[in-house]
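Here's the structure, in structure tokens; my notes come after.
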Amino acid sequence: MASADIHDYIAPGRRAHLVGIGGVSMSPLAEVLHKAGMVITGSDMRNSATVEHLRSLGIPVAIGHRAENIQGAELVIRTAAVHDSNPEIAAAHAQGIPVFERAQAWGSIMRGYKNALCISGTHGKTTTTSMCTHIIMAAQMDPTVMIGGTLPLLGSGYRVGHGDTIILESCEYCNSFLSFFPTVAVILNIEADHLDFFKDLEDVEHSFRAFADRVPENGLIVANADDANTMHTLEGEARPILTFGLEQGDVQAASLTWEKGLPSFDVIYRGELFTHVTLRVPGEHNVKNALAAAAAAIALAVSPEAVRDGLAAFRGAGRRFEHKGTYHGAEVYDDYAHHPGELQALLSAARTLGYERIICAFQPHTYTRTKALFDDFVRVLKEPDVTILAEIFAAREVNDIGISSRDLAEQIPGSEYCATLPEVTARLKELARPGDLILTVGAGDIFTVGESLVRES
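Using this note's numbering, the letters of the sequence shown map in sequence onto residues 39 to 495.
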């Protein structure tokens with residue numbers, strides 16, 4: 039059944055079973071397919087608010103994975119975390135029911151839209167996808183949206199619209215974005231990451247080039263002129279490219295000024311003033327993200343006013359420099375940064391905000407990333423005034439390389455290692471004082487530390 043095309047199965051009345059239906063991009067998929075008239079069932083390891091929401095729409099969700107859950111299904115869709123050994127996948131294979139990946143389902147869905155805006159890159163995807171959503175919403179284009187984080191404007195990470203535009207955060211991990219059909223493909227930057235899957239930077243670049251090549255002849259690639267790896271990846275590309283950059287590219291910033299750490303600038307498009315933008319999020323990296331979003335909007339013929347108003351209304355995505363509250367006069371923020379480049383951008387932005395001390399509680403994400411980028415993590419984590427290291431968040435991995443956050447702490451003068459998150463919380467309580475910026479950082483469950491701190495205040 040490997041040759042089956044998912045596009046033949048995504049149709050009203052067809053019956054699909056989703057394994058891991060409670061996941062961040064599986065639950066919106068279930069909702070989109072349900073609204074398109076398909077009969078959807080699902081399963082997940084645990085109950086959650088998301089599962090309850092799906093049930094409220096009339097989608098039955100079983101808790102726990104069992105072969106009988108797929109009964110009646112004509113196709114099965116799984117999240118990347120679900121392997122062939124899963125009893126539901128094994129049963130589907132045994133019964134000859136085709137099994138598709140989540141990304142393939144999104145790819146099939148986007149073929150039904152005139153505009154498919156796909157935002158890729160090693161860093162900045164969630165923020166830029168969120169910025170694009172604000173702009174397209176301000177233009178009243180009623181988009182369908184899929185973001186890998188929560189956007190306050192939507193109250194979730196997704197939206198099911200009725201317009202002819204779909205906006206998707208597009209991830210390179212496991213080449214999942216190679217199942218997509220972008221009409222506008224954004225490449226924010228390219229670095230060596232996900233080295234548990236890719237061999238090296240060249241392998242990552244090869245994947246991004248294949249993604250760019252999925253754009254049709256009459257489509258457009260939006261690329262970061264400031265990023266050498268991106269420009270190298272696109273050498274010899276025949277499809278039209280719209281570039282952006284701080285001071286170079288088709289879309290660039292001019293007259294950049296800062297007020298209390300927040301940027302204002304003119305967006306210049308091919309030498310002409312397009313619009314003026316004032317952002318409510320700090321950091322030079324967010325100026326670049328906003329330029330990428332503006333370039334994507336230009337590619338979709340959006341008005342300058344919608345770009346201006348959409349970006350002015352954006353105050354950050356969930357877990358992207360998200361304000362959690364205060365504790366003992368210290369401001370507590372949370373951020374998803376889990377790669378040294380993202381950490382560097384976060385800490386540089388934090389430095390501009392005028393706090394007396396920056397206290398960073400960092401939880402590394404996966405053993406392979408920590409080992410591969412060890413020296414870069416050490417370099418960046420020397421920057422905060424106080425660095426606290428939580429133990430590595432395993433995610434999908436087993437620690438067969440014998441690495442620990444304790445190894446990082448040994449290389450970072452003055453840093454502290456905490457074996458458990460409650461220990462991190464206790465240490466932050468002792469440290470916190472007025473004038474401090476406390477950052478909880480990482481892609482795992484470190485955000486719970488800031489939440490428990492703020493609860494106790």
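Ideal placement from N, C-alpha and C gives every residue a C-beta, glycine not left out.
> Taking C-alpha atoms, which residue in Ile259, Phe246, Arg308 and Glu448 lies nearest to Leu338?
Replying inline: Sorting Ile259, Phe246, Arg308 and Glu448 by C-alpha distance to the C-alpha of Leu338 places Ile259 at the top.
>> Can you tell me whether Thr316 is buried or exposed? The criterion is at least 16 other CB atoms within 10 Å of its CB, across all chains shown.
In response: That one is exposed.
>> Cutting at 8 Å between CB atoms, please list the residues of its own chain near Gln133, excluding the five before and the five after it.
In response: Result list for Gln133: Ile108, in chain order.
>> Excluding the 5 residues flanking Val418 on each side, which residues of the same chain have their C-beta closer than 6 Å to its C-beta?
In response: The answer, listed in chain order, is Pro378, Leu381 and Gln382.
> Buried or exposed: where does Pro181 fall if 16 or more other Cβ atoms within 10 Å of its Cβ makes it buried?
Replying inline: Buried is the call here.
>> I'd like the list of long-range same chain contacts for Gly162, defined as Cβ closer than 6 Å, with 5 residues on each side in sequence excluded.
In response: So the list reads Leu226 and Asn327, once near-sequence residues are dropped.
>> I'd like the list of long-range same chain contacts for Gly354, defined as Cβ closer than 7 Å, with 5 residues on each side in sequence excluded.
In response: The answer, listed in chain order, is Val319 and Glu360.
> What's the gap between the Cα of Trp296 and the Cα of Gly145?
Replying inline: Each residue's Cα considered, the two are about 40 Å apart.
>> So for Met175, helix, strand or coil by DSSP?
In response: Annotated three-state conformation of Met175 is helix, per DSSP.
> In angstroms, rounded to a whole number, what distance separates the CA positions of Ala470 and Ser194?
Replying inline: One C-alpha to the other measures close to 31 Å.
>> Tell me which residue opens and which closes the beta strand (DSSP E) that Asn153 is part of.
In response: DSSP places Asn153 inside the beta strand (DSSP E), whose first and last residues are Asn153 to Ser158.
> Opposite Tyr307 in the DSSP bridges: which residues?
Replying inline: Looking at the DSSP assignment, Tyr307 forms a beta bridge with Val289 and Glu310.
> Out of curiosity, what's the CA-to-CA distance linking Asp564 and Leu491?
Replying inline: Because the chain is modelled from 39 through 495, residue 564 falls outside the range shown and cannot be assessed.
> What residues in its chain sit with their C-beta under 8 Å from that of Asp483, if we drop five residues either side in the sequence?
Replying inline: These residues qualify, in order along the chain: Gln401, Phe431 and Leu459.
> DSSP state of Ala484, grouped into three classes?
Replying inline: First, the amino acid is wrong: residue 484 is Ile here, not Ala. Reduced to three states, the DSSP call for Ile484 is coil.
> For Met184, which residues does DSSP report across the bridge?
Replying inline: Assignment of beta-bridge partners to Met184 by DSSP yields Tyr196 and Leu206.
> Cα-Cα, which of Phe235, Ser123, Glu461 and Ile173 is closest to Tyr405?
Replying inline: It is Phe235 whose Cα lies nearest to the Cα of Tyr405.
> Could you give the C-beta distance for Arg116 and Gly58, rounded to a whole number, given that I count them as a contact under 8 Å?
Replying inline: Correct: roughly 6 Å between the Cβ atoms.
> Counting pairs of beta carbons, one from the region 364 to 371 and one from the region 335 to 349, are three or more of them closer than 8 Å?
Replying inline: Between the region 364 to 371 and the region 335 to 349, the count of C-beta pairs closer than 8 Å stays below three; the two stretches do not touch.
> DSSP state of Leu239, grouped into three classes?
Replying inline: Reduced to three states, the DSSP call for Leu239 is helix.
> What's the call for Asp413, buried or exposed, on a 16-neighbour Cβ count within 10 Å?
Replying inline: Under a 10 Å Cβ-count criterion, Asp413 is classified as exposed, with fewer than 16 other Cβ atoms of the shown protein chains found around its own Cβ.
>> Please classify Pro24 as buried or exposed, where buried requires at least 16 neighbouring CB atoms within 10 angstroms.
In response: The first residue shown for the chain is 39 and the last is 495, placing residue 24 beyond what the model contains.
>> From the DSSP secondary-structure annotation, give me the bridge partner or partners of Val9.
In response: Since the displayed the chain opens at 39 and closes at 495, residue 9 lies outside it and no answer follows.
> According to the neighbour-count rule (16 or more other Cβ atoms, all chains shown, within 10 Å of its Cβ), is Asn85 buried or exposed?
Replying inline: Within a 10 Å sphere around the beta-carbon of Asn85 sit fewer than 16 other beta-carbons, which makes this residue exposed.
> Identify the residues that DSSP records as bridge partners of Ala368: which are they?
Replying inline: Paired residues: Tyr365.
> Which first and last residues belong to the beta strand (DSSP E) in which Gly348 is found?
Replying inline: First-last for Gly348: Pro342 to Ala351, but that is the alpha helix (DSSP H), not the beta strand (DSSP E).
> On the three-state DSSP scale, how would you describe Val260?
Replying inline: Note: Val260 maps to strand in three-state DSSP.
>> Going by beta-carbon coordinates alone, are His72 and Leu56 separated by less than 8 Å?
In response: At least 8 Å separates the beta-carbon of His72 from that of Leu56.
> For the putative contact between Ala143 and Ile44, defined by C-beta atoms under 8 Å, what is the C-beta separation to the nearest angstrom?
Replying inline: In this structure, Ala143 and Ile44 form a Cβ contact; the two beta carbons are roughly 6 Å apart against a cut-off of 8 Å.
>> Restricting to Cα atoms, I'd like to know which of Thr171, Gly274 and Ala261 is closest to Gln286.
In response: Looking at the Cα atoms, Ala261 is the closest of the given residues.
> Going by beta carbon distance, what residues of the same chain come within less than 8 Å of Leu272, once the five residues before and after it are set aside?
Replying inline: Its chain contains Ile225, Arg247, Ala250, Ile259, Ala261 and Ile279 as the residues whose beta carbon lies nearer than 8 Å to that of Leu272, once the 5 sequence neighbours on both sides are disregarded; these appear in chain order.
> Taking three-plus beta-carbon pairs below 8 Å as touching, is the region 167 to 180 in contact with the region 194 to 212?
Replying inline: Yes, the region 167 to 180 is in contact with the region 194 to 212.
> Taking the alpha-carbon positions, what's the Ala387 to Glu240 distance?
Replying inline: Between the alpha carbons of Ala387 and Glu240 lies a distance of about 30 Å.
>> Do Phe352 and His200 count as a contact pair if the criterion is CB distance below 8 Å?
In response: Going by C-beta atoms, His200 is not nearer than 8 Å to Phe352.
>> Does Asp413 come out as helix, strand or coil in the three-state DSSP assignment?
In response: Asp413 falls in the helix class under three-state DSSP.
> From Leu189, Pro190 and Thr160, pick the residue whose C-alpha is nearest to that of Asn213; which is it?
Replying inline: Minimum Cα distance to Asn213 is reached at Thr160.
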